[in-house]
């Protein structure tokens, strides 16, 4: 038993322990759906299975305590969980925890301010899921959010000449952090600002529903990052690690 270790039993306890960090609060998922969280000293970890299609373990706080928490959480939860958090912290944790190796480096972005714009966008009826799936398969085949996947709640889109032109999803939301995912534009209609319109509208809806919005984007997707920053999202370099096979 680790002296000072405590399991957090409510979303309110998680919020206090991590100073309401949006990444931790998103992974914690309100401690629903099998999610768990622990605190030790100045560090917190929160874990949830299959949030954005991964068993994720958010890591936050001081390095020494974070290392001990990650060891404990992986022992409790199993090796499918992937530590995930601020890049410098995760690099350190990955180097200190036996069996961990570096995974991907990418960007977490979050938003709390009001978002203008988004004319012509609306939530799509359930009957449009086949159209959404076809658009994603053709123009965003690597999207984690697709119709029918657990946790993907609803899709918004804009049409041009009756054709579905751009989409985005409200997916895997936590009670206080909504996630923007599944952003895609039909290839022949790119360059018209359609994705930005959809993202603005969905971001505003996420703020209304959850209080904060967030997203994940590859570091090399400069065009998307520029759009998200124009909307008002703030960048946060993050990293994931994994247990060696």
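In this note's numbering, the protein residues as written are -3 to 241. We treat Cβ as the ideally placed atom computed from N, Cα and C, and that holds for glycine. Values in this document were obtained by computation on a predicted structure and should not be read as measured data.
Take residue 220 and list the residues in its own chain whose beta-carbon comes closer than 6 Å to its own, dropping the five residues that flank it on each side. 213
Assign residue 38 to buried or exposed, taking buried as 16 or more other Cβ atoms, counted over all protein chains shown, within 10 Å of its Cβ. Result: exposed.
Note the first and the last residue of the continuous beta strand (DSSP E) segment covering residue 36. 32 to 36
Assign residue 6 to buried or exposed, taking buried as 16 or more other Cβ atoms, counted over all protein chains shown, within 10 Å of its Cβ. exposed
Helix, strand or coil for residue 40 per DSSP? strand
Of the choices 89, 164, 28 and 218, whose alpha-carbon is the least far from that of residue 120? Considering only alpha carbons, the answer is 164.
What residues match up with residue 119 in a beta bridge as DSSP calls it? 152
Using three-state DSSP, classify residue 90 as helix, strand or coil. helix
C-beta atoms of residue 242 and residue 237 nearer than 7 Å: Residue 242 lies beyond the stretch modelled for the chain, which goes from -3 to 241, so this question has no answer here.
For the alpha helix (DSSP H) that contains residue 11, what are its first and last residues? 7 to 13
Three-state secondary structure assigned by DSSP to residue 135: helix
Straight-line gap, residue 188 to residue 130 (C-alpha atoms, nearest Å): 20 Å
What's the C-alpha gap between residue 180 and residue 59? 37 Å
Cα-Cα separation, residue 206 to residue 168: 12 Å
On the three-state DSSP scale, how would you describe residue 165? Residue state, collapsed to three classes: strand.
Cβ of residue 14 within 7 Å of Cβ of residue 23? no
The beta strand (DSSP E) with residue 82 in it runs from where to where? 78 to 82
Provide the residue span of the beta strand (DSSP E) that contains residue 21, from first to last. Per DSSP, residue 21 lies in no beta strand (DSSP E) segment; the continuous alpha helix (DSSP H) that holds it begins and ends at 18 to 24.
Rounded Cβ spacing between residue 124 and residue 175 (contact assumed at less than 8 Å): Rounded, the Cβ-Cβ distance is 20 Å, inconsistent with contact.
Is it the case that the region 92 to 103 contacts the region 227 to 234, given that we only count it when at least three CB pairs across the two stretches are under 8 Å? yes
Do the region 186 to 204 and the region 37 to 54 touch if we need at least three Cβ pairs shorter than 8 Å? no
In the DSSP assignment, find the unbroken alpha helix (DSSP H) run with residue 101 in it and report its ends. Here residue 101 belongs to no alpha helix (DSSP H); instead the beta strand (DSSP E) covers 96 to 107.
Residue 107 and residue 228 - do their beta-carbons sit closer together than 7 Å? yes
For residue 212, which residues does DSSP report across the bridge? Residue pairing by DSSP places residue 212 opposite 104 in a beta bridge.
Using three-state DSSP, classify residue 4 as helix, strand or coil. strand
Mark residue 178 as exposed unless 16 or more other C-beta atoms lie within 10 angstroms of its C-beta, in which case mark it buried. Burial call: buried.
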